[in-house]
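Colleague:
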Amino acid sequence: MKKFCLFFFFLLFVGKSDVALFAQSNENVAMPTERTSTRISSKSVIEDNIVYNATDSIIILKNGIIHLHGNASVTYQDIELKAAYIRLNIDSSLVFASGITDTVGTYLGAPIFKEGSETYESKSLLYNFNTKKGLIFNTVTQQGEGYVSSGVTKKSTENVFCLQHGKYTTCDHHDHPHFYLSLTKAKMKQGEYIVTGPAYLVIEDLPLPLFVPFGYFPVPKTYSSGVLFPTFGDELQRGFYARNGGYYFAINDYVDLALTGDVYTKGTWSLNAASSYMLRYKFRGNVNVSLMENIVGERDMPDYAKSNDFRIMWSHAQDAKANPFSTLSASVNFSTSSYERNNLNSYYNPNLLSQNTRSSTITYTQRFPESPFSLSASVYANQRTRDSIISLSLPNLNVSMSRIYPLKRKQVLGTDRWYEKISMTYTGRFSNSITTKEDKLLTSSFTKDWKNGVEHTLPISASFTVLNYFTVTPSFSSKLRWYFSQVNQTWQGDALTGAIVTDTLNGFYNVFDYSASVSMQTKLYGFYKPMERIFGSRINMIRHVITPSISVSYKPDYGLPAWGYWGTYQRPLTDGTFSQVFYDKYQSQLFGTPSRGEAGTVGFSIANNLEMKVKNKQDSQKEFTKISIIDNLSVSSSYNLIADSLNWSNPNVSLRLKLHKQYTLNLSLLFDPYTYQLNEYGNPKKVNITQLEKNGVLGRLMSTGTSFGYTFSNATFKKKEPSTNKGGLTPNEEPVVSVLEKEINELNPIESKKLSKSTMDAEGYQKFSMPWSLNVNYSMRYAYASFNTASMEYNRALSHDINVSGNIQFTENWRFTASSYYNVNTNQWSYVNCSISRDLHCWSMSASFVPIGLYKSYNFMIGIKSTLLRDIKYEKQSNPYDNQVWY
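Anchor point for the sequence shown: position 620 equals 632 in our numbering, and the numbering is continuous, going up by one each time.
(1) Count the other CB atoms within 10 Å of the CB of Ser53; is the residue buried (16 or more) or exposed (fewer)?
(2) Taking 6 Å as the limit between beta carbons, can you name the residues of its chain near Tyr886, skipping five residues before and five after?
(3) Taking only runs that begin and end inside the segment 371 to 416, name each unbroken beta strand (DSSP E) of 3 or more residues, in chain order.
(4) Tell whether a beta-carbon distance below 7 Å holds between Leu682 and Ser715.
(5) Out of curiosity, what's the CA-to-CA distance linking Gly203 and Ser443?
(6) Measuring straight from C-alpha to C-alpha, what distance separates Gly612 and Lys567?
(7) Cutting at 7 Å between CB atoms, please list the residues of its own chain near Gln176, excluding the five before and the five after it.
(8) With 16 as the cutoff for other CB atoms within 10 Å, does His186 come out buried or exposed?
(9) Where Trp905 and Phe524 are concerned, what is the direct C-alpha to C-alpha distance, given to the nearest angstrom?
(10) Near Arg555, what residues of its chain come up, given a Cβ to Cβ distance below 6 Å and the 5 sequence neighbours on each side ignored?
(11) Nearest CA to the CA of Asp114: which residue from Tyr495, Asp246 and Gly82?
(12) Run through the segment 773 to 840 for me and flag every whole beta strand (DSSP E) of 3 or more residues, listed as ranges in chain order.
(13) For Leu240, which residues of its own chain have a beta-carbon under 8 Å away from its beta-carbon, when the five flanking residues on both sides are left out?
(14) Buried or exposed for Glu247, please, with buried defined as at least 16 other CB atoms from any protein chain shown within 10 angstroms of its CB.
(15) Pop quiz: Leu658 and Tyr675 are said to be a contact at Cβ under 8 Å. What is the actual Cβ separation, rounded to whole angstroms?
(16) Apart from the five residues just before and just after Met304, which ones in its own chain have a Cβ nearer than 6 Å to its Cβ?
(17) What's the C-alpha gap between Ser497 and Lys597?
(18) Based on DSSP bridge pairs, tell me the residues matched to His190.
(19) Using the three-state DSSP reduction, which class does Thr728 fall into: helix, strand or coil?
(20) How would you call Thr459, buried or exposed, if buried means at least 16 neighbouring beta carbons within 10 angstroms?
(21) Tell me the DSSP bridge mates of Asn500?
(22) Asn815 and Thr829 look like a contact to me (Cβ under 8 Å); what is the Cβ gap, rounded to whole Å?
(23) Would you mind reading off the limits of the beta strand (DSSP E) that contains Leu220?
(24) Compare the C-alpha of Cys174 against each of His190, Phe191, Gly156 and Thr151 and name the closest.
(25) Looking at the secondary structure, which residues open and close the alpha helix (DSSP H) in which Asn354 lies?
(26) At which residues does the alpha helix (DSSP H) containing Arg545 begin and terminate?
(27) Please look up how many angstroms separate the CB atoms of Val231 and Gly178, rounded, as I've assumed it's under 8 Å.
(28) Where do the ends of the beta strand (DSSP E) carrying Gln889 lie?
(29) Excluding five sequence neighbours on each side, which residues of the same chain lie with their C-beta closer than 8 Å to the C-beta of Phe590?
(30) Pop quiz: Thr280 and Ile307 are said to be a contact at Cβ under 8 Å. What is the actual Cβ separation, rounded to whole angstroms?
(31) Going along the chain, which residues of its own chain have a beta-carbon closer than 7 Å to the beta-carbon of Ile206, five neighbours each way excluded?
(32) Check whether chain B comes within 7 Å of Val231, counting only Cβ atoms and requiring the distance to be less than that.
(33) Under 8 Å by Cβ, that's how I've got Tyr495 and Gln601 pegged, so tell me the actual separation to the nearest angstrom.
(34) If Ile401 and Leu419 are in contact, beta carbons under 8 Å, what's the gap, nearest whole angstrom?
(35) Tell me whether Glu753 is buried or exposed, calling it buried when 16 or more other Cβ atoms sit within 10 Å of its Cβ.
(36) By DSSP, does Lys673 sit in helix, in strand, or in coil?
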């Protein structure tokens, strides 16, 4: 017979006052009127009123005993007792409470004893208001994350309980817990700790040979410092290990610290410090620093390898209310390139193992009130783990000015004058950066390896309306760059064995450029009423919007020697002649160099938008709905009036279609208007012969591509239903609640949370539900690839791949997820990652596996959910680098 696990306690209640008043709160219940209150003799000292009531009957006998039947309750100070039946002895200050058994054998109205914030559930109890001592039989109480039950419990002073044949579990199935620690004897101090003698583990009523001579379970009301128990296991290359063991420091309410470490028998070790901090309405963040020495193989063996790695992670966010003018944010993920490969915790996460880049950013922004200026400073780092290349920018300073109208009058009367529409902005940037191997970063030279510079940008523009329909926008933009070095290149040697010699000249150099442009734009509207006999009567109108624009821009030739930005040298050829080669003197600088060649460009573009207005079928509140046929179809190109050849730029066609509320198709096509020939070095070179002249077409497709994704789920194919109340009830109907459910809700709050969370239909049956989702992402690119010397054209190649991920929840507790990447060109799955999990109520089980690919592995774990007993688990896993065959 399965026991119903409850917790006993004995309460001893000592009073000091001489008078106690018993008052009945329910005046409608029939009862003898001569016993509405009583005075306790001096032997029974009560300090406050005792209030009692019941829904069925209250019987007061002449011997001072009160019987309460039906949802009875007794309240005294911070103590509240509820039960189906309560017997109160006024003379002895004893109270007895128990539940009742109905006609079908269900035990209802079990006593619920509440003292302060603690709640105790039992089958029966005996309590003394005077001596504060009592016995409670088969009681259950929640202490922190766990539940303590006992056959007999005795309570002494200072809220200390002595338990006999107790049980400790984190399972809230009190009638039949899935597991528990059987306590031969134990002592519990309410809300502080549980100390036990010999205890052993029981799973599904099966005692296991897993026991401890004693146990200590803290029950802190707030988080506190404590030992972090490690997990144990073995790994083929590093040996046996103890991982994630250490100590947690609860420093204060604003910051904490966890120091943990890993130790392996073959010499590998790691240290980790993790801290979280928060100041309400100010900021919050967390820091994680890890050091690791990784040793693989046996010493003096060929496969022996030793490496040192580290990782710094920092996340900081400032509350918007803290300071509206000053902001500090950080997102740092900085580590050595081999850290994830050597970190055992990353082995079973293919996303971390396949991650090729990681970035870190720290930014501080200062805005000045009543001023258009703002200042920002940032540090940026980008790492490429494949070849351990790191790009570090330290610091980046940025001064910006928001748009101002310098000629605008302070007091405007009438319309703006033309010069008042002139606006300008300003941006100033200083940057200092380096790109190198991570092992050479600390030994790099600031003058030789680091690149730095300053850039000033000042754009000026205005916008005017001409003839009511045309918008004319003239603009002028200037840039000034400050560099601290330039290069000088020469050719040394003959045509076959010679090489370029580059010299770096340090100094202060100004690089200035400017450009000017003017553009004009308008909109043309066309409306079309389709014929009802062909298109039906629902289409009310079709609107076509054409947005043509034309622009003229100019920039000088910055390749002229007068500017001094480009240099030349003579390179000998194999036929004895020389060719003049232009080179950029600031080719390695941060902000670039003005381009060669004078340009006077005329640009044009035409954008189209097509929509139709359709009558609704059912919704009478909204008569028409707009449907986008073509959201955007635009064509753009430009022509250089000054260039002596290659005047046309590559035409571009863009298409955007709204196919669904959740999906928009974006397609861009780039065309090449010219043909190619080989230069003197045998490389393809664009020549001034158009595709129209050679092949009879306006241009040859250079590149195109698109990507789209869609998520399918239960709601995708579900028909829309008219809105109804939850459960299909009308406004005047109420959900049917069983008598048992009412009893549980009213008298048993601990048991009430066991009620099913499933959705019921109008007839009270559980609705069938199997939530699922499938996310499909497709990307395609068709572009120039290798050059075909026979046809003097570039070969084009198609590359496309598919990413698929999804999940399905078979039941409330079973869940399956999977993700995969498929390369259509190679006709291979790059990786497949699957996982399945099972919610075992107070336990959890999960299994994940990567069946194919470089990171083929598996991981299985079953354990207790509670963080207090998280070390009671079984875990089995494989290492993708061990090359173990497991299927």
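Here a beta-carbon is modelled for each residue, glycine too, at the ideal position from N, C-alpha and C.
This structure is a prediction, so every number in the text was calculated from the model and none was measured.
Modeller: By the coordinates alone:
(1) With a pLDDT of only 36 at Ser53, under the threshold of 50, the placement of this residue in the model should not be trusted; the figure read from the coordinates follows. By the neighbour-count rule (16 or more Cβ atoms within 10 Å), Ser53 is not buried but exposed.
(2) Ile874
(3) Complete beta strand (DSSP E) runs here, min 3: 385 to 396 and 401 to 416.
(4) yes
(5) Straight-line spacing of the CA atoms in Gly203 and Ser443 works out to 58 Å.
(6) 7 Å
(7) Ser162, Gly163, Val164 and Lys197
(8) buried
(9) Only positions 13 to 899 of the chain appear in this structure, which leaves residue 905 out of reach.
(10) Closer than 6 Å at the Cβ level, and outside the excluded window around Arg555, lie Phe539 and Glu623.
(11) In terms of Cα proximity to Asp114, the closest of Tyr495, Asp246 and Gly82 is Gly82.
(12) You should have 784 to 800, 805 to 820 and 826 to 835.
(13) Cβ within range, chain order: Asn256, Gly257, Gly258, Tyr259, Tyr260, Ala270 and Thr272.
(14) By the 10 Å Cβ count, Glu247 comes out buried.
(15) Not really, about 39 Å apart at Cβ, beyond 8 Å.
(16) Ser282 and Asp321
(17) 9 Å
(18) The partner list for His190 (beta bridge, DSSP) is empty, contrary to what the question assumes.
(19) helix
(20) exposed
(21) Asp515
(22) Actually they are not in contact, since the Cβ atoms of Asn815 and Thr829 sit about 14 Å apart, beyond 8 Å.
(23) Leu218 to Val224
(24) Thr151
(25) Start and end: Tyr351 to Asn354.
(26) Glu544 to Phe547
(27) Rounded, the Cβ-Cβ distance is 14 Å, inconsistent with contact.
(28) Lys885 to Gln889
(29) Gln582, Arg583 and Pro584
(30) 5 Å
(31) Gln155, Val160, Tyr180, Ala198, Met200, Phe229 and Val231
(32) Absent here is chain B; the protein component of the structure consists of one chain.
(33) 5 Å
(34) Not a contact, Cβ separation roughly 49 Å.
(35) At Glu753 the pLDDT is 48, less than 50, meaning the model places this residue with poor confidence and gives no usable figure here.
(36) coil
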